[in-house]
Amino acid sequence: MSAARKSPDVCIAGMGYIGLPLAVVMAEQGLRVHGYDLNARRIATLSRGEAPFDEPGLPDRLRAVVESGALSVGLAPAAAAHFIVAVPTPVAEGHAPDMSFVEAACRAMAPHANADSTFIIESTSPVGTTEWARDILREMRPELFEGGPGPSFCYCPERIIPGAMMRELTENDRVMGGLDAEGARRGAALYGRFCKGEIHQTTARAAEMCKLTENAFRDVNIAFANELSMVCARAGVDPWEVIRLANHHPRVKILQPGVGVGGHCIAVDPWFIIKAWPDLTPLMASARRVNLDKTRWTIDRIEETVASAPAGARIACFGLAYKPDIGDLRESPALEIALHLTRAHPGRVVCVEPHLEAQDRAPLEARGLRFVEQAEGETAELRVVLVPHKAFAHLEAEEAARPVIAFHKAG
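As structure tokens, this is what we get:
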């Protein structure tokens, strides 16, 4: 029987930015992995061994494990010894966490579990989610808990960033929180197959809070830099010069300001703490407001420049991703700014984003964005550098008759 036909060792819910790289790395280590996703187009792409998003090192390694049969994909889960949940956890209206994808994954996997199964949640989640997932399985499969503890449940925060996923998956330390010590041990044993970093075993609640803490900490520190940049602008001082000088202090390390905060973690995760304990989190809530307001402030500054420019001046937006040198648009403030300018100044705005393929541009073009190559974008009278991709480095240093409005510098 081929590897593709054997019962998998691991079943992963969600073949996105977290689940897919994880599936590939696990399959490379001799584990039989089945990944499932409800996106039929994505599954069709993966079944051909093609990566659905750009990530260094992923395409060739994905193709190899699919062709070998070590990784299978489908629209439904399969029976396995280990189940991993790596689905989105967005925020709903009012910034409340939307846990519907996690719940759906747990309910879909439940019929395929047995009393010795191990469930690991990687999706960023509120504190208490791992216990809730166990209760879902107990509700659906009470027989698995009769006469024993039943399946093991763990929470393992993901710690990878676009552009370095394949390296960080194996090199970074991990936290494995179990509902009991045996669960943490089982989860650590599985991740020890591919993780070279240390795996720190703890409780599920501590691991859940650890993930939220990491990104709330970063959000607060970014908010300080963003708030400082607005103060400096009012004072007529270059914020990057101030930060450069201040960081020569041996105990000061201020981050770089930007046009807001985006991505799948920092712009979302702090709300999971704030919504649970609003009376105890005024600092985190303020940081979220500052980083959201920075995007609006940036739009206002651009509009002031546009108002003083010649009538009909063309505007080029350089960069749409949420961070430099990738094409990830999730929660991107740069994209929000470009969409605003396109609506406010129809026919005058073009976008330059070298990290997006044609198929990724199509849905944005349907929303009114117009893309051009960098050389054409540089002919615009007003050029707004929203994301400091390396490809744009010369724009910020250039002194020309046409202004270069750079609100986001490399960190």
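Position 254, counted from 1, in the sequence shown is what the working numbering calls 1580; the numbers after and before it change by one each time, with no gaps. Glycine included, C-beta positions come from ideal geometry on N, C-alpha and C. A quick note: this is a predicted structure, and the numbers were derived from the prediction, not measured.
Using 7 angstroms as the threshold, is the C-beta distance between A1412 and I1344 below it? Indexing the sequence shown from 1 puts residue 1412 at position 86. Indexing the sequence shown from 1 puts residue 1344 at position 18. The beta carbons of A1412 and I1344 sit closer together than 7 angstroms.
Regarding I1599 and the ligand PLP, is the C-beta to nearest heavy atom distance less than 6 angstroms? As for the ligand PLP, it is missing from this structure, which has no ligand bound.
Every unbroken alpha helix (DSSP H) inside the segment 1584 to 1672 [4 residues or more]: Qualifying alpha helix (DSSP H) stretches, in chain order: 1596 to 1602, 1608 to 1634 and 1659 to 1670.
Kindly confirm or deny that the segment 1376 to 1389 and the segment 1343 to 1359 touch, where touching means at least three C-beta pairs closer than 8 angstroms. The segment 1376 to 1389 vs the segment 1343 to 1359: in contact.
Range of the contiguous beta strand (DSSP E) that encloses V1676: Position 350 of the sequence shown, counting from 1, holds the residue named residue 1676. V1675 to V1678 is the extent of the beta strand (DSSP E) around V1676.
Among the candidates G1638, F1644, A1635 and D1442, whose CA atom is the shortest distance from the CA of E1722? Taking the sequence shown and counting its residues from 1, the one referred to as residue 1722 is at position 396. The shortest C-alpha to C-alpha distance from E1722 to any of G1638, F1644, A1635 and D1442 is the one to F1644.
I'd like to know whether the C-beta atoms of V1417 and V1594 end up nearer to each other than 7 angstroms. The count along the sequence shown starts at 1 and reaches residue 1417 at position 91. The count along the sequence shown starts at 1 and reaches residue 1594 at position 268. Yes. Within cutoff.
Taking the alpha-carbon of H1671 as reference, which of N1617, A1642, E1393 and R1614 has the nearest alpha-carbon? The residue you call residue 1671 lines up with position 345 of the sequence shown. Of the listed residues, the one whose Cα sits closest to H1671 is A1642.
Taking its Cβ as the centre, do 16 or more other Cβ atoms sit within 10 Å of N1552, making it buried, or is it exposed? In the sequence shown, the residue the question calls residue 1552 occupies position 226. The residue in question, N1552, is buried, as its Cβ has 16 or more Cβ neighbours within 10 Å.
Between which two residues does the beta strand (DSSP E) holding G1503 run? Residue numbering aside, residue 1503 sits at position 177 when the sequence shown is read from its first letter. Unbroken beta strand (DSSP E) run through G1503: R1500 to G1504.
Cα separation between P1414 and S1658? Counting from 1 along the sequence shown, the entry for residue 1414 is found at position 88. Counting from 1 along the sequence shown, the entry for residue 1658 is found at position 332. Going from the Cα of P1414 to the Cα of S1658 covers about 16 angstroms.
Taking 7 angstroms as the cut-off, decide whether the C-beta atoms of T1621 and E1662 are in contact. What you label residue 1621 is simply residue 295 of the sequence shown in a count that begins at 1. What you label residue 1662 is simply residue 336 of the sequence shown in a count that begins at 1. Contact: yes.
Evaluate M1327 with the Cβ neighbour count: other Cβ atoms within 10 Å of its Cβ, from every protein chain shown; 16 or more gives buried, anything less gives exposed. For the purposes of this step, residue 1327 is identified with residue 1 of the sequence shown, where counting begins at 1. Low per-residue confidence applies at M1327: pLDDT is 34, beneath 50, and the placement is therefore not dependable, though the value from the model is reported in the following sentence. Exposed.
Can you tell me the Cβ-Cβ gap for V1676 and V1698, rounded? I've got them flagged as a contact below 8 angstroms. Residue 1676 sits at position 350 when you count from the first residue of the sequence shown. Residue 1698 sits at position 372 when you count from the first residue of the sequence shown. Their Cβ separation, rounded to whole angstroms, is 5 angstroms, which keeps V1676 and V1698 in contact under 8 angstroms.
Helix, strand or coil: which one does DSSP assign to F1697? Along the sequence shown, one-based indexing puts residue 1697 at 371. DSSP places F1697 in strand when its eight states are reduced to three.
Find the nearest neighbour of V1713 within the set A1701, T1705 and L1646, judged by alpha-carbon distance. Position 387 of the sequence shown, counting from 1, holds the residue named residue 1713. Of the candidates A1701, T1705 and L1646, the one whose C-alpha sits nearest the C-alpha of V1713 is L1646.
Specify the secondary structure class of G1361 as computed by DSSP and reduced to three states. As a first step, residue 1361 must be located in the sequence shown, where it is residue number 35. G1361 sits in a strand when the DSSP states are folded into three classes.
Identify the residues that DSSP records as bridge partners of Y1481: which are they? Locating residue 1481 in the sequence shown gives position 155, counting from the first residue. Paired residues: I1447 and G1503.
Separation of A1533 from P1423, as counted between CA atoms: As a first step, residue 1423 is located in the sequence shown; it is residue number 97 there, counting from the start. As a first step, residue 1533 is located in the sequence shown; it is residue number 207 there, counting from the start. Rounded to the nearest whole angstrom, the C-alpha separation of P1423 and A1533 is 17 angstroms.
For A1353, does the count of other Cβ atoms within 10 angstroms reach 16, so buried, or fall short, so exposed? For the purposes of this step, residue 1353 is taken as residue 27 along the sequence shown, with counting starting at 1. It is buried - the Cβ of A1353 has at least 16 other Cβ atoms within 10 Å.
Would you mind working out which of A1572, L1665, E1629 and D1545 sits nearest S1612, comparing C-alpha positions? Against the sequence shown, residue 1612 aligns to sequence position 286. That would be D1545, whose Cα lies nearest to the Cα of S1612.
C-beta contact flag for G1588 and Y1648 at 7 angstroms: The residue labelled residue 1588 in the question sits at position 262 within the sequence shown. The residue labelled residue 1648 in the question sits at position 322 within the sequence shown. A contact, by the Cβ cut-off of 7 angstroms.
For L1346, which of helix, strand or coil comes out of DSSP? Against the sequence shown, residue 1346 aligns to sequence position 20. L1346: helix per DSSP, three-state reduction.
Are the segment 1496 to 1504 and the segment 1468 to 1476 touching by the rule of at least three beta carbon pairs closer than 8 angstroms? No, they do not touch.
Through-space distance from P1680 to T1529, alpha-carbon basis: Indexing the sequence shown from 1 puts residue 1529 at position 203. Indexing the sequence shown from 1 puts residue 1680 at position 354. Near 43 angstroms, if we compare the C-alpha coordinates of P1680 and T1529.
With a threshold of 6 angstroms on Cβ separation, who are the neighbours of A1688 within its own chain once the five nearest residues in sequence on each side are excluded? The residue labelled residue 1688 in the question sits at position 362 within the sequence shown. Excluding positions up to five away in sequence, the list is empty.
Which of the three DSSP states is assigned to F1409 in this structure? The residue you call residue 1409 lines up with position 83 of the sequence shown. F1409 falls in the strand class under three-state DSSP.
State the Cα-Cα distance for the pair R1512 and G1361, rounded to the nearest angstrom. As a position in the sequence shown, residue 1512 is number 186, starting the count at 1. As a position in the sequence shown, residue 1361 is number 35, starting the count at 1. Answer to the nearest angstrom: the Cα atoms are 20 angstroms apart.
Classify K1537: buried if its beta carbon has 16 or more other beta carbons within 10 angstroms, exposed otherwise. As a position in the sequence shown, residue 1537 is number 211, starting the count at 1. When all chains shown are included, K1537 counts as buried.
DSSP three-state assignment for P1714, whether helix, strand or coil: On the sequence shown, position 388 is the one that residue 1714 refers to. Assignment of P1714 by DSSP, reduced to helix, strand and coil, places it in the coil class.
Give the DSSP-derived three-state secondary structure of C1337 in the structure shown. As a first step, residue 1337 must be located in the sequence shown, where it is residue number 11. Strand.
Tell me which residue opens and which closes the alpha helix (DSSP H) that V1392 is part of. Counting from one through the sequence shown, the residue named residue 1392 turns up at place 66. According to the DSSP assignment, V1392 belongs to the alpha helix (DSSP H) that extends over L1384 to S1394.
So, are the CB atoms of G1476 and A1441 less than 7 angstroms apart? Within the sequence shown, the letter at position 150 stands for residue 1476. Within the sequence shown, the letter at position 115 stands for residue 1441. Cβ atoms of G1476 and A1441: closer than 7 angstroms.
Spatial neighbours of C1558 within its chain, please: C-beta separation below 8 angstroms, excluding the five flanking residues on both sides. Within the sequence shown, residue 1558 is the residue found at index 232, counting from 1. Excluding positions up to five away in sequence, the list reads D1564, P1565 and V1568.
Rounded Cβ spacing between L1401 and L1372 (contact assumed at less than 8 angstroms): Against the sequence shown, residue 1401 aligns to sequence position 75. Against the sequence shown, residue 1372 aligns to sequence position 46. About 11 angstroms separates the two Cβ atoms, so there is no contact after all.
Which of helix, strand or coil does DSSP assign to P1689? Here residue 1689 refers to the residue found at position 363 of the sequence shown. Collapsing the DSSP output to three states places P1689 in a helix.
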